[in-house]
Amino acid sequence: MDYVEQAIEKGAKVVWFQFRTYNRDAFKKAKEAGLIAVAHRYIKQEHVRLLGD
Numbered sequence: 001m002d003y004v005e006q007a008i009e010k011g012a013k014v015v016w017f018q019f020r021t022y023n024r025d026a027f028k029k030a031k032e033a034g035l036i037a038v039a040h041r042y043i044k045q046e047h048v049r050l051l052g053d
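Residue numbers (UniProt numbering): 1 to 53.
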């Protein structure tokens with residue numbers, strides 16, 4: 001959960017949990033702090049889905 005605390009301290013707006021690194025408590029903490037939290041997604045797949053190859 002240290003990375004969520006660091007994100008909050010640095011004023012980040014989004015936290016991206018890499019696939020298979022999801023932690024329910026960290027995710028909840030991020031959401032409660034007002035961050036956009038993304039989990040269970042591959043960056044490459046999202047890139048293709050949103051922008052194409």
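Idealized CB from N, CA, C, for every residue including glycine.
Please say whether residue 16 and residue 38 have beta carbons closer to each other than 8 Å?
In contact: residue 38 and residue 16 (Cβ atoms closer than 8 Å).
To the nearest angstrom, how far is it from the Cα of residue 34 to the Cα of residue 13?
The C-alpha of residue 34 lies about 8 Å from the C-alpha of residue 13.
I'd like the list of long-range same chain contacts for residue 4, defined as Cβ closer than 7 Å, with 5 residues on each side in sequence excluded.
15, 26, 29, 30.
Does residue 31 have its Cβ less than 8 Å from a Cβ in chain C?
Looking at the structure shown, chain C is missing, and only one protein chain is on hand.
Residue 37 in three-state terms, based on DSSP:
Strand.
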